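S.K.: Below is one structure. I have some questions about it.
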Amino acid sequence: MNIHELKEKPLWQMTGEEFLFLQQNSEHK
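Take the sequence shown: its position 24, counting from 1, is numbered 24 in the UniProt record's numbering, and each next residue is one higher.
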């Protein structure tokens with residue numbers, strides 16, 4: 001999964017899984 005592509009996606013187009021993936025990745029920074 002490409003995090004940069006995900007960040008360019010509107011939130012409402014994300015699946016719950018994609019959203020959780022983003023949340024987990026932003027926590028590590």
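Ideal Cβ placement from N, Cα and C applies to all residues, glycine included. Predicted model, so just to flag it, every value in this text is computed and none were measured.
From the DSSP output, in three-state form, read off K9 for me.
M.R.: Coil at K9, not helix or strand.
S.K.: Helix or strand or just coil, what does DSSP make of N2?
M.R.: In this structure, N2 counts as coil in the three-state DSSP scheme.
S.K.: Take K9 and list the residues in its own chain whose beta-carbon comes closer than 8 Å to its own, dropping the five residues that flank it on each side.
M.R.: E18.
S.K.: By how many angstroms is the C-alpha of K7 removed from the C-alpha of N25?
M.R.: So the two alpha carbons sit approximately 11 Å from each other.
S.K.: How big is the Cα-Cα spacing for residue 57 and I3?
M.R.: In the structure displayed, the chain extends from 1 to 29; residue 57 sits before or after that span and is not available.
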